Each structure stands twice: as structure tokens, then as C-alpha cells.
Amino acid sequence: MSVAMLATFFRVGANLIVLPLVLAFVSPEELAIWWVFLSLGAFANLADFGFGQVISRVYSYLWAGAEDFDAEGLRPPPTQHEPNLPRIRALNVTVRYLYSRVALGAVAILAVVGTLFLLKPIGSLTEPGHVWVLWPVYLAVIGYNLATSHWLLASQGTNRVRQMHLAHLWSSLVYSVLVSALLWGRFGLAAMVLATAVRGFVLRSFASRAYFEAVPKLREAALKVDRAILARLWPNARKFGILSIGGFLTAQGSVLVSSNVLSLTETDAFGLTNQITNFIVNFAILWLGVKWPQLTMMRTQGRLQDMAVLFARRLGWVMLTYLALATIVLLWGNPLLVLKGSQHRLIAFPQLLVFLSYMGLQTFYVQFALLALTENTVPFFKVGLATGVCTITLSVVLTLLFGLWGLILAPLIAEAGYSAWFTIGVGFASQPLSWRRLLRAAACGRP
Numbered sequence: 164m165s166v167a168m169l170a171t172f173f174r175v176g177a178n179l180i181v182l183p184l185v186l187a188f189v190s191p192e193e194l195a196i197w198w199v200f201l202s203l204g205a206f207a208n209l210a211d212f213g214f215g216q217v218i219s220r221v222y223s224y225l226w227a228g229a230e231d232f233d234a235e236g237l238r239p240p241p242t243q244h245e246p247n248l249p250r251i252r253a254l255n256v257t258v259r260y261l262y263s264r265v266a267l268g269a270v271a272i273l274a275v276v277g278t279l280f281l282l283k284p285i286g287s288l289t290e291p292g293h294v295w296v297l298w299p300v301y302l303a304v305i306g307y308n309l310a311t312s313h314w315l316l317a318s319q320g321t322n323r324v325r326q327m328h329l330a331h332l333w334s335s336l337v338y339s340v341l342v343s344a345l346l347w348g349r350f351g352l353a354a355m356v357l358a359t360a361v362r363g364f365v366l367r368s369f370a371s372r373a374y375f376e377a378v379p380k381l382r383e384a385a386l387k388v389d390r391a392i393l394a395r396l397w398p399n400a401r402k403f404g405i406l407s408i409g410g411f412l413t414a415q416g417s418v419l420v421s422s423n424v425l426s427l428t429e430t431d432a433f434g435l436t437n438q439i440t441n442f443i444v445n446f447a448i449l450w451l452g453v454k455w456p457q458l459t460m461m462r463t464q465g466r467l468q469d470m471a472v473l474f475a476r477r478l479g480w481v482m483l484t485y486l487a488l489a490t491i492v493l494l495w496g497n498p499l500l501v502l503k504g505s506q507h508r509l510i511a512f513p514q515l516l517v518f519l520s521y522m523g524l525q526t527f528y529v530q531f532a533l534l535a536l537t538e539n540t541v542p543f544f545k546v547g548l549a550t551g552v553c554t555i556t557l558s559v560v561l562t563l564l565f566g567l568w569g570l571i572l573a574p575l576i577a578e579a580g581y582s583a584w585f586t587i588g589v590g591f592a593s594q595p596l597s598w599r600r601l602l603r604a605a606a607c608g609r610p
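With this note's numbering, the residue at position 4 of the sequence shown is 167, and numbering never jumps.
Structure below.
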């Protein structure tokens, strides 16, 4: 667990580690552009249209010994638990083909849509020329990372948890050192873009090596793309894709709205708050993140009570960790920035309290969604899309009416109204314990 915690700290906290230098050497206006770059990069990830989440689980099913997989649902528990290496190899070849095509399409679309979206925020800079030069470089980084992301899915799905933590650790360390050196060298926004490119290359190199440790190269290059696999991946991928659109609108839509409705200073404050909150969320969900391959295998093998107990215990630690870290940010976030003499700020205390409460609710119900998804079904994709559309619509309307308060309240209203409780109910129904036994398992590790 120590390696996992260290790796996650650097993976999700690399930007936080270099934050003092970023705040010192990057202006609030350029930093606001960087938050928009990150949101557009997240938009590009929608191009796989849900294949990624399906594929990772299929790797886990086959690694757990499944003879094959169906388009939806699970087969009876396998009689043997040895990894099905032939099917894993066939899946990997097909997935590599898929993502090479997906990356090309995503970059082509983002080159047009992203450029149009950046016209206003970049145009408001006093010297926009160098930022326009960085935009195509960042597009190339997005394309490479997306084309090679299948190595991350393969390594995670074959339960290379420790190797993936080491990959994240080393790639994040390289990123932190490089971006720090470039910031000291006064490269500004270019430091973030170039360091992100190197980080992606190092991470995927480690991930491919981890996969081939689990599944040794054995004439894999000679295998042909199996289009029947793509056909069976599509039904759930389509639903995941719709769900991912809703998730993007919910998670990233606010940043994009702020950049075109609010001032760059307000966008900088909201983007900085969002970045730090995402850090504490990702650090907290480590307790469950390292166990999803194991939980998926337990489901595949029919060990439902063991799965539920492990899920509940880890979920308890997730929420306790989030509460502790959120309290630190709430009480000492802005005072520390003032003490350091930084020109950057988090959003104001009342707004921060509401935003952190909303993110805590989201952290909780998303874990139940992930538990339900181990059944190889996507029962809430329509709800997810409707919530995303509602969030982005409310964000635009309420931000125009109430400024930053409207931007903060919009996703809370959209999610707390229905989707959070519906998703928790679906996830709860996918495991055998009652609420009382689930709470007991969270508290003491037994039902």
C-alpha cells in the first residue's frame, strides 16, 4: 500500500507539487488557459466513446479465467481460474487497432472545435501568439496519449497493480522535475505542455512493459484484428460513451463555461480549486482504486459476499480520507496562498464549502456506480447523459444570472436532485448485503 499511496500522491498531485512554481512563474491569465487546455484534453478522451471502461473489465474477466465474454452480462463462474492468454492476446491486438483510429479522429475534431473554443480566452491575452503555437503541440500530445492508452487498460485489466503504480510514480516524478526546471527557466505555459508530453511517453512505456510481463510476447504481432470482438464490445461501449459524455459535461463543463462567461481571474480561481479538489478525490479513492481489478474478478468468480465486504471496507476509508483532506483545504487553502504572497486564490470560503460538499457526494455515489459496472452492464447511462445536459444548461443559465455562485450550485442541483440517489440504489442492488451489514462491513471489515 505504501508504493500505491506514494504513486497516487505523485500521479494526482504532481501539479500540486509544482504549484508554488506555477503560481510564481505563470500569470493568472495563462494559468486559466491551461485549465481550459486540460478540459479540452478531457474532451478528447470522449473519442473512445466508452470502449475504455468496457475493455479494461474484459481484460479482467479473461484474466480471471473466463472462456470468453458476452456483449452484456456475465457468464457462469469459470471452472478454472487460470488466465485465458490466447483470448487476451487477441483482445490486445484488436484494441491497439481501435485506438490508433480513435486518436486520429479525436485530434481532427479537436483541432477544429478546440480552436474555435479558444478564440475568446486566448484572444483576451496581451500576447496570444506563443499560446497559439503551443496549441498544436498540445494536440499532438493528446493524439499520442490517446493512441497508446490501450497499454494502460491492458495492464490494469491483467491486475498489474503494483507495476502500474510504479509507472505512475516514475512518470510523475519525471514530470515534476522537468516542469520545475522549465518553469525556473521562464518557459511559462510551454513548461506544462512539454512536461505533459514526456510524462505520457514514460507512463505508456512502463505500461506496455508491465503488460508483456503478464502476457509474454508469443506471435502476438502475427495475430489479425478480430472484428467480432469489436462487435461484442460495442453494446456496452455505446452506453458507456453516452455516460462519459454526461460525465464530461458534469466534471469539465463548468471550467469551459467559466472561461467563456466569467473573467480569466475567476476562471483561474475556479480552475485552481477544481484541480486541488480533484487531487484530494483521486487520493481518497486510492483505497478502492487499487482493488477494482480484484473486485471484478470476485464478481466473475461468483464471490459476491467477499466482494461486498471488501468494497464496503474500502469505501469507508475513501470517505474518511476525503473528509480529512477537504477540511484541510477549506480551513487553510486560501490563508496559505495569502501567507505566500501569491496573486492566485481559491474560491471564497462559503463557495468552497459548498463545492467541497458537492464533490464529497459525487465521490460517494460514483463508487456505487463503479460497483454496478462490474456486472458488465450499464444501467444508468440515460440518467448520466440527462444529468450532464442538465448540469451544463444550468451552469450557463445560473452563471449568467449569479456569476460564480451559479457555476458552483449548478452541478449540485443537477446531481443531488435524482442521479446520485438512483446510482447509489443501482450499485447497492448489485451486491448481496443489507444496508446494516454493509455499514458494519465498512466499520469493522465483516458483515
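Think of the CB as a built atom: it goes at the ideal place given N, C-alpha and C, for glycine as much as any other residue. A quick note: this is a predicted structure, and the numbers were derived from the prediction, not measured.
- The continuous alpha helix (DSSP H) containing Ala377 extends over residues 352-377.
- Inclusion of Thr459 and Arg220 in the CB contact set at 7 Å is warranted, their separation being smaller than that value.
- The C-beta distance from Ala377 to Met327 rounds to 11 Å, too long to fall under 8 Å, and the pair is not in contact.
- Taking all protein chains shown into account, Val276 has fewer than 16 neighbouring C-beta atoms within 10 Å of its C-beta and is therefore exposed.
- The beta carbon of Thr257 lies closer than 8 Å to those of Val388, Asp389, Arg390, Ile392, Leu393 in the same chain, with the five residues before and after it left out.
- Given a length threshold of 4 residues, each whole run of the alpha helix (DSSP H) inside the segment 430-476 is given here in chain order: 449-452, 455-463.
- Every candidate alpha helix (DSSP H) stretch fails here, since none sits fully inside the segment 262-296 while reaching 4 residues.
- Apart from sequence neighbours up to five positions away, the residues of its chain that approach Met522 with a beta-carbon distance below 7 Å are Thr440, Val444, ordered along the chain.
- When the five nearest sequence neighbours on each side are left out, the beta carbons in the same chain lying within less than 8 Å of the beta carbon of Val356 are those of Phe200, Leu297, Val300, Tyr301, Val304, in order along the chain.
- Per the coordinates, the alpha-carbon of Pro249 lies some 32 Å from the alpha-carbon of Phe531.
- Here the C-alpha atom of Thr562 lies approximately 8 Å from the C-alpha atom of Leu425.
- Annotated as proximal: Ala269 and Leu309, with beta-carbon spacing under 7 Å.
- DSSP places Ala330 in the uninterrupted alpha helix (DSSP H) bounded by 324-347.
- Between Pro542 and Val589, the C-beta spacing is below 7 Å.
- Non-local beta-carbon contacts of Trp480 in its own chain, meaning distances under 7 Å to residues more than five positions away in sequence, involve Trp450 in chain order.
- Between Leu345 and Ala354 a beta carbon distance of about 3 Å is seen, short of the 8 Å cut, so the two are scored as contacting.
- Residue environment for Thr321: buried (at least 16 other C-beta atoms within 10 angstroms of its C-beta).
- Judged by their CB atoms, Phe173 and Ser335 are nearer to each other than the 7 Å cut-off.
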